[in-house]
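Visitor: Here it is: the structure, laid out below.
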Amino acid sequence: MAEGGGSKGRKRKFVYLVNPISGTSKKEALVKLIKSISKQRKLSYEIIPTSSTGNYDYLADRIIEEEITDVVIVGGDGTVNQVIGALRGLPVRFGIIPFGSGNGLALSAGIPKKPKEAFELILSGNAHPVDGFMVNDKFSCMLTGLGFDAQVAHDFAARSSRGLMTYTQQSIINYFKAQPYQFEIVLDNISFFTDAFFLCVANSNQFGNNFTIAPLASLQDGLLDIVIVQKMSKARLPFAVLRQIRGNNKLQQLVEDMANKNVLYFQTPSITIKNLKLAPMHIDGEPRETEESLKIEILPRCFQLIRNV
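Residue 79 in full-length UniProt numbering sits at position 79 of the sequence shown, and the numbers go up by one each step.
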């Protein structure tokens, strides 16, 4: 699909998928804004709720039959994952109006946090190719984690209230309970064992909420960014993660770093992770059932996203 998406040259037809759960009451005002501006500009559009099951077969058929050009997702990273995972093979552009708890992909793509500004970008911006990746048979558009951060995601999902404060509370609680997990990491030319508090496979540089975990990550470089926070004293853990966030822990030699660094950071197009102690797992911030072995492979330029960067 060429840059700008498979819809270039066609009259734009929009479908807005609105997650009825994520975000706040501001969403109602946003829906009114979408309707108002779309009518003013005589745009062809439809607003429909997202699918709780992630099944978008009906929409895939309509995209082809009705020549829909743009699918705009109003929600958080979990909703973005489901929609793009289901529709990424079709000649359509994706837009995001961030309305979740973290909004990591939107932040990585330079999409404004303010809904009105994000909407304006969708109407006037360009689509560019973006990588995704597969975790066994599951799609991820941004970030997959094992261990500490995944446990936070599981606990966060179980809470009745969402938002940054709830996420922070769950992070602090899990920090004091955290124990390292055992992993075997298998690459093309090396394999090694590690005890780690958590392991992240990133396509973007964002955890969400402007928390940068993989400073070198790019949405379209054809590489996965692997961050492994190894076993260490809990007194040192926040400082090691802080150095990683600031980008001062760049990998020089993986073999040397395994012994000498608290945080390993390297890039690869594919990786196999043997999850020896069944650490909990999340994909794009949503808790998933963990697995003993994970084959993770990049999907270069697999969907078109309207973005700033």
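Cβ coordinates follow ideal geometry from the N, Cα and C atoms, glycine included. Since the model is a prediction, treat every value here as computed from it, not as a measurement.
(1) With DSSP collapsed to three states, give me the class of Ser51.
(2) Residues bridged to Val92 by DSSP?
(3) Beta-carbon separation of Phe183 and Ile283 under 8 angstroms?
(4) Tell me the residue span of the alpha helix (DSSP H) that contains Ile68.
(5) Short of 7 angstroms in beta carbon distance, which residues of its chain neighbour Glu67, apart from the five on each side in sequence? Order them along the chain.
(6) Which one or two residues does DSSP pair with residue 310 in a beta bridge?
(7) Can you give me the C-alpha to C-alpha distance between Ser124 and Gly95, rounded to a whole angstrom?
(8) Determine the extent of the beta strand (DSSP E) in which Lys230 is found, giving its start and end residues.
(9) Pick helix, strand or coil for Asn103, following the three-state DSSP scheme.
(10) CB Val229 to CB Phe197, shorter than 8 angstroms?
(11) Quick one: what's Thr144 bridged to in DSSP?
(12) Here's the rule: buried if 16 or more other CB atoms are within 10 angstroms of the residue's CB, otherwise exposed. What is Lys27?
(13) Counting Cβ pairs, one atom from each stretch, are 3 or more of them under 8 angstroms apart for the stretch 124 to 135 and the stretch 291 to 308?
(14) Can you look up Val15 in the DSSP assignment and give me helix, strand or coil?
(15) Does Tyr58 pass the burial test, meaning 16 or more other C-beta atoms within 10 Å, or should it be called exposed?
(16) Whole angstroms are fine: how far does the CA of Thr268 sit from the CA of Leu187?
(17) Mind checking who Gly75 pairs with in its DSSP beta bridge?
(18) Residues in its own chain within less than 6 angstroms of Ser140 by CB, not counting five upstream and five downstream?
(19) Helix, strand or coil for Ala150, going by three-state DSSP, please let me know.
(20) According to DSSP, Leu299 sits in a beta bridge with which residue or residues?
(21) Just the C-alpha distance for Met165 and Leu107, rounded to the nearest angstrom, thanks.
(22) Report the partner residues of Arg288 according to the DSSP bridge assignment.
(23) Keeping to the same chain, check which residues put their C-beta closer than 8 angstroms to that of Gly76; ignore five residues upstream and five downstream.
(24) Determine the DSSP secondary structure at Ala158, reduced to helix, strand or coil.
(25) In three-state DSSP terms, what is Gln267?
(26) According to DSSP, is Asn189 helix, strand or coil?
(27) Going by CA-CA distance only, name the one from Met281, Lys39 and Gly222 that's closest to Phe303.
(28) Looking only at its own chain, which residues have a Cβ that is under 6 angstroms from the Cβ of Ala86, when we skip the five neighbours before and after it?
(29) If distances are taken between C-alpha atoms only, which option among Ala217, Asn275 and Leu17 comes closest to Gly54?
Guide: Taking the coordinates as given:
(1) coil
(2) Its beta-bridge partners do not exist; DSSP assigns none.
(3) no
(4) Where Ile68 is concerned, there is no enclosing alpha helix (DSSP H), given that its DSSP letter is neither H nor E.
(5) Arg10 and Lys13
(6) No statement about residue 310 is possible, as the shown extent of the chain runs from 1 to 309 and does not include it.
(7) 11 angstroms
(8) Just to set this straight, residue 230 is Gln in the shown sequence, not Lys. Start and end: Leu224 to Gln230.
(9) coil
(10) yes
(11) Val201 and Ile283
(12) buried
(13) yes
(14) strand
(15) exposed
(16) Each residue's CA atom was taken as its position, placing Leu187 and Thr268 some 8 angstroms apart.
(17) Pro98
(18) Phe133, Ile283 and Asp284
(19) helix
(20) Gly132
(21) Its pLDDT being 47, under 50, Met165 is placed unreliably by the model, and nothing is read from it.
(22) Met281
(23) Asn19, Ser22, Gly23, Pro98, Phe99, Gly100, Ser101, Gly102, Asn103 and Gly285
(24) The predicted position of Ala158 is uncertain, since its pLDDT is 44 and thus under 50; no value can be drawn from it.
(25) strand
(26) Reduced to three states, the DSSP call for Asn189 is coil.
(27) Gly222
(28) Within its own chain, the residues whose Cβ lies closer than 6 angstroms to the Cβ of Ala86, once the five positions on either side in sequence are excluded, are Tyr56, listed in chain order.
(29) Leu17
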